[in-house]
Amino acid sequence: MIDSMRRLLLTHAPAAAAWSAFAAPVAAHSAEAGVGESVSAADDGFITFADKNEKFKALFRLERDLRDEGITLSTYQFITYALVHGQRPQPIVRWEGMEFSYFRRITGLTWRIHAHNLSYPRDLHTGEFTSRVRNPFTDSMIDIEPMKLLDDPGVLHGPNGYLPLDAKTVNWLDTYHVLRTEGPLIKSEHIRPTPDGWPAMFIESSCSTVSRKDFFDPSVTALPYQTSGFYVFPFPAWMKMGDQPGHMIGAWSGRRAVNGPRDLPRTFRERVARENPELLEPRWRELERPLSAVLQQAIAS
Amino acid sequence: MKRRDLLPAIMAGMAAGGSGIAMPSAVPATPRRAQSLSQFMALDPIENFRQAMRLQRSLEDADDILHWYHFIMVAVPLNATPKPVVRWEGIEFSRHETIGENRYRMHGHNLSFPRDLKSGAFVTEVRNPVSGKTVAVPPMALTQDPGLVRSPFGVITLDKPSLPPRPDYKVLRRENDFVKVDGIRVPPDTWPVTFLEMGTEAAPAALFDDPAQTWLPTEVSGAYVFPWPAWMQMGDAPGHMFAAWSGCKLRSVDELPEEFRQRAARDFPELLHVDRRAFERAVPDLHPG
């Protein structure tokens, strides 16, 4: 996109005169289990599924792996921005990171998933690892630590949505998920809900791309993808924003590390191996923790 | 060179890397690479500009550049949960012409049609998830772009041509079989404060490494922050909108999805071409930067 001016104007310049309210119907296609029915090469359109089970299988195969037990490792870079109410948004820092998830089917089409994330800050301009950045809103230098997310309680994921393992009631969180074809590609757009107890200003959305050839190959249980997305989240403590109203946005670009940790970028992998080698392995012990009665009820029902 | 001919092989090829994982995924068989590559490209400012220009547009002295994309708008009310509002399918169609060494003048337009979040069907109204009201949402056709001049020094928006160029952020990096440019576009000070645009554009590294390729096929993704649009009817409510797109650069309108192209041809036929008359307008007092 060359010109953000047009984007600004478009939000304030509605209503082209020649617009017609009547449009041709959208091309829709069926896809059984995400792999069954072919879609012609010339088509671009939205994919529909026979039922929520089939749609879920397509999603899980894309984001995880349809086998009974598996791992998914993704690698990405993202830039975080601060948005202070009434002020110009500003980029703060680049990160390079990974998400490592490990999961096991517990019944039917429901998997138990645990995961950890690790990201290192990098200089916005040089890309070098860094430990200090400037907060342009406070005009101060701030220390910034690697981001380790190790306390994820885990989640059940199935056709009804997500159920965090620390849930107090059985309230599956539905998600927004759309699959569409773009010629030889399949795109998966997924907006995740905010679980109870999370900060109000939180949303996460991704668009993952796979080849249609892989998508319709039933032998592929875990699809290689490229992904981009964003998330909105509150100011982290290290930003030292006090009570300023506003929030952060992170925008990422990445891919599945298809062959596991050896497929991580070298400098990143070497740093993890040096500082936290245990995070280059799936933490299978997380899956040994007993499920609460609420969760057991959810699985049984 | 068509994107549709290239990407399937690249998507398959990205599954590269070593073996040795305890539980390999059942993924397609692909060649193995000794090391997974991720590298920032250290380029001088001129070359950084030229390679970004090549990725985002082309290095031809004059060229029409077409981007096509889907994007989803999300409402971000202050201190409340962000909520998706509407999907759009659109194009940005622009032209650049060189006006000096490594200096380009650009004009273009955008056209987008709203689509239902879930079904993907074209829509004329959506539910504002913050207010609960159903609001009319018109297509977005913008032809009033004043144009800009882009050079290694930054961007001059042609409604304020005498102002110095605003530096912009472009970092190029290699990621296995792709070369990516991460860009952040900061608007002029005269714009409403709640505005920022960021994006990543990726081209096959094999083509990037061939200097004969002046135009590169790219996949584009990105996002922008902007104030409440009038059609959301948000009044003075604190907060803003956010939109994230995914799309690609195409060679011609003939490559547009049939449904979009047919509607554009019916409702806005003039927007399937770039209006080159914009280049005939003189730009007095253009900053030399």
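Those sequence lines, one after another, are chains A and B.
Residues are numbered in our numbering as their position in the first sequence, beginning at 1, plus a constant of 59.
Residues are numbered in our numbering as their position in the second sequence, beginning at 1, plus a constant of 196.
Quick reminder that beta carbons are idealized off the backbone N, C-alpha and C, glycines included.
Because the structure is a prediction, the values reported are computed rather than measured.
Q. Buried or exposed: which applies to residue 136 (chain A), given that a residue is buried once 16 or more other Cβ atoms fall within 10 Å of its Cβ?
A. Reading the first sequence from its first residue, position 77 is the one you call residue 136 (chain A). Buried, by the Cβ-count rule.
Q) Do residue 263 (chain B) and residue 376 (chain B) come within 8 Å of each other at the CB atom, strictly closer than that value? A) Residue 376 (chain B) sits at position 180 when you count from the first residue of the second sequence. Residue 263 (chain B) sits at position 67 when you count from the first residue of the second sequence. No, Cβ-Cβ distance for residue 376 (chain B) and residue 263 (chain B) is not below 8 Å.
Q. When the Cα atoms are used, what is the spatial distance from residue 281 (chain A) to residue 177 (chain A)?
A. As a position in the first sequence, residue 281 (chain A) is number 222, starting the count at 1. As a position in the first sequence, residue 177 (chain A) is number 118, starting the count at 1. Going by the C-alpha atoms only, they are around 22 Å apart.
Q: For residue 179 (chain A), write down the residues that DSSP places opposite it in a beta bridge.
A: In the first sequence, counting from the first residue as 1, residue 179 (chain A) sits at position 120. Bridge partners of residue 179 (chain A): A:155.
Q: Leaving out five residues on either side along the sequence, give the residues of the same chain with a beta carbon under 7 Å from the beta carbon of residue 312 (chain A).
A: Here residue 312 (chain A) refers to the residue found at position 253 of the first sequence. The answer, listed in chain order, is 135, 136, 287.
Q: Determine the direct distance from the alpha carbon of residue 353 (chain A) to that of residue 399 (chain B), and round the result to whole angstroms.
A: Here residue 399 (chain B) is taken as the residue at index 203 of the second sequence, counted from 1. Here residue 353 (chain A) is taken as the residue at index 294 of the first sequence, counted from 1. Looking at the two C-alpha atoms, the distance is approximately 48 Å.
**Q.** Same chain only: Cβ atoms within 7 Å of residue 457 (chain B), ignoring 5 sequence neighbours per side
**A.** Residue numbering aside, residue 457 (chain B) sits at position 261 when the second sequence is read from its first letter. Excluding positions up to five away in sequence, the list reads 449.
Q.
Taking 6 Å as the limit between beta carbons, can you name the residues of its chain near residue 265 (chain A), skipping five residues before and five after?
A. Here the question's residue 265 (chain A) lines up with position 206 in the first sequence. The answer, listed in chain order, is 249, 286, 288.
Q: Starting from residue 394 (chain B), find everything on chain A with Cβ-Cβ shorter than 8 Å and list it in chain order.
A: As a position in the second sequence, residue 394 (chain B) is number 198, starting the count at 1. Those are 138, 140, 150, 310, listed as they occur along chain A.
Q. For residue 149 (chain A), which beta-bridge partners are listed by DSSP?
A. Numbered from its first residue, the first sequence carries residue 149 (chain A) at position 90. According to DSSP, residue 149 (chain A) bridges with A:141.
Q. Any beta-carbon of chain C closer than 8 Å to the one on residue 206 (chain A)?
A. You won't find chain C in this structure, because its protein chains are A and B.
Q) Looking only at its own chain, which residues have a Cβ that is under 6 Å from the Cβ of residue 294 (chain B), when we skip the five neighbours before and after it? A) Locating residue 294 (chain B) in the second sequence gives position 98, counting from the first residue. Within the same chain, residue 294 (chain B) has close Cβ partners 257, 300.
Q. Looking only at C-alpha atoms, which of B:365, B:422, B:366 sits nearest to residue 543 (chain B)?
A. An answer regarding residue 543 (chain B) cannot be provided, because it is not within the stretch 197 to 485 covered by chain B.
Q. Counting only runs that start and end within the segment 99 to 130 of chain A, where is the alpha helix (DSSP H) found for 4 or more residues in a row?
A. 111 to 122
Q: Decide yes or no for the touch test of the segment 237 to 252 of chain B against the segment 424 to 442 of chain B: beta carbon pairs closer than 8 Å, at least 3 of them.
A: Fewer than three Cβ pairs drawn from the segment 237 to 252 of chain B and the segment 424 to 442 of chain B lie within less than 8 Å of each other, which leaves the two stretches out of contact.
Q: With 9 Å as the limit, tell me which residues of the segment 319 to 343 of chain A have their beta carbon closer than that to any beta carbon of chain B; keep them in chain order.
A: 319, 320, 321, 322, 323, 324, 325, 326, 327, 328, 340, 341
Q. Thinking just about the alpha-carbon of each residue, which of B:475, B:305, B:470, B:392 is nearest to the one in residue 379 (chain B)?
A. Locating residue 379 (chain B) in the second sequence gives position 183, where the first residue counts as 1. The candidate whose alpha carbon is nearest that of residue 379 (chain B) is B:392.
Q: Could you spell out where the alpha helix (DSSP H) holding residue 463 (chain B) opens and where it closes?
A: Here the question's residue 463 (chain B) lines up with position 267 in the second sequence. Per DSSP, residue 463 (chain B) belongs to the alpha helix (DSSP H) from 454 to 463.
**Q.** Coil, strand or helix - residue 297 (chain A) by DSSP
**A.** Counting from 1 along the first sequence, the entry for residue 297 (chain A) is found at position 238. DSSP, reduced to helix, strand and coil, places residue 297 (chain A) within a helical segment of the structure shown.
Q.
With a threshold of 8 Å on Cβ separation, who are the neighbours of residue 316 (chain A) within its own chain once the five nearest residues in sequence on each side are excluded?
A. Mapped onto the first sequence, residue 316 (chain A) falls at position 257. If we look at residue 316 (chain A) and ignore the five residues flanking it on each side, its Cβ neighbours are 132, 133, 134, 157, 322, 323.
Q) What first and last residue would you give for the alpha helix (DSSP H) that runs through residue 335 (chain A)? A) Walking along the first sequence from the start, residue 335 (chain A) turns up at place 276. First-last for residue 335 (chain A): undefined, no H or E at that position.
(Q) Taking 8 Å as the threshold (C-beta atoms), are residue 313 (chain B) and residue 291 (chain B) in contact? (A) By one-based count along the second sequence, residue 291 (chain B) stands at place 95. By one-based count along the second sequence, residue 313 (chain B) stands at place 117. Not closer than 8 Å, so no.
(Q) Tell me which residues share the same chain as residue 270 (chain A) and place their Cβ nearer than 7 Å to its Cβ, disregarding the 5 neighbours each side in the sequence. (A) For the purposes of this step, residue 270 (chain A) is taken as the residue at position 211 of the first sequence. Excluding sequence positions up to five before and after residue 270 (chain A), its CB lies within less than 7 Å of the CB of 243, 244, all in the same chain and listed in chain order.
(Q) By the DSSP assignment, the alpha helix (DSSP H) with residue 317 (chain A) in it spans what residues? (A) Position 258 of the first sequence, counted from the start, is the residue given in the question as residue 317 (chain A). Per DSSP, residue 317 (chain A) belongs to no alpha helix (DSSP H) and is neither H nor E.
Q. Under a Cβ-count criterion, where at least 16 other Cβ atoms within 10 Å of its own Cβ denotes burial, should residue 273 (chain A) be classed as buried or exposed?
A. For the purposes of this step, residue 273 (chain A) is taken as residue 214 along the first sequence, with counting starting at 1. It counts as buried.
Q | Contact set for residue 150 (chain A): own chain, Cβ-Cβ below 7 Å, skip 5 residues either direction | A | The residue labelled residue 150 (chain A) in the question sits at position 91 within the first sequence. Same-chain partners within the cutoff: 138, 140, 183.
Q | Sequence-distant residues of the same chain with beta carbon closer than 6 Å to residue 305 (chain A), five excluded per side | A | By one-based count along the first sequence, residue 305 (chain A) stands at place 246. Hits under 6 Å: 142, 143, 144.
**Q.** Reduced DSSP category for residue 353 (chain A) - H, G, I as helix; E, B as strand; rest coil
**A.** Here residue 353 (chain A) corresponds to residue number 294 of the first sequence, with the count starting at 1. Correct three-state label for residue 353 (chain A): helix.
Q | Within chain B, the residues that residue 235 (chain A) reaches when beta carbons sit closer than 8 Å | A | For this step, residue 235 (chain A) is matched to residue 176 along the first sequence. Here the neighbours are 280, 313, 314.
Q. Which residue or residues does DSSP assign as beta-bridge partners of residue 252 (chain B)?
A. By 1-based counting over the second sequence, the position of residue 252 (chain B) is 56. Its beta-bridge partners do not exist; DSSP assigns none.
Q. By how many angstroms is the C-alpha of residue 236 (chain B) removed from the C-alpha of residue 372 (chain B)?
A. Position 176 of the second sequence, counted from the first residue, corresponds to residue 372 (chain B). Position 40 of the second sequence, counted from the first residue, corresponds to residue 236 (chain B). So the alpha carbons of these two residues sit roughly 12 Å apart.
Q) Under three-state DSSP, which class holds residue 348 (chain A)? A) Mapped onto the first sequence, residue 348 (chain A) falls at position 289. Three-state DSSP puts residue 348 (chain A) in coil, outside helix and strand.
Q | Close Cβ partners of residue 443 (chain B) (< 7 Å) along its chain, the five nearest in sequence each way excluded | A | Walking along the second sequence from the start, residue 443 (chain B) turns up at place 247. Only 263, 264, 265, 266, 416 meet the Cβ criterion.
Q) How many angstroms separate the CA atom of residue 454 (chain B) from the CA atom of residue 103 (chain A)? A) If you number the second sequence from 1, residue 454 (chain B) lands on position 258. If you number the first sequence from 1, residue 103 (chain A) lands on position 44. Roughly 8 Å between the two C-alpha positions.
Q) What residues of chain B sit near residue 253 (chain A), judged by a beta carbon separation below 7 Å? A) To locate residue 253 (chain A), count along the first sequence from 1; it is residue 194. The contacting residues are 277.
Q. What's the gap between the Cα of residue 200 (chain A) and the Cα of residue 302 (chain A)?
A. Counted from its first residue, the first sequence places residue 200 (chain A) at position 141. Counted from its first residue, the first sequence places residue 302 (chain A) at position 243. Approximately 19 Å between the Cα atoms of the pair.
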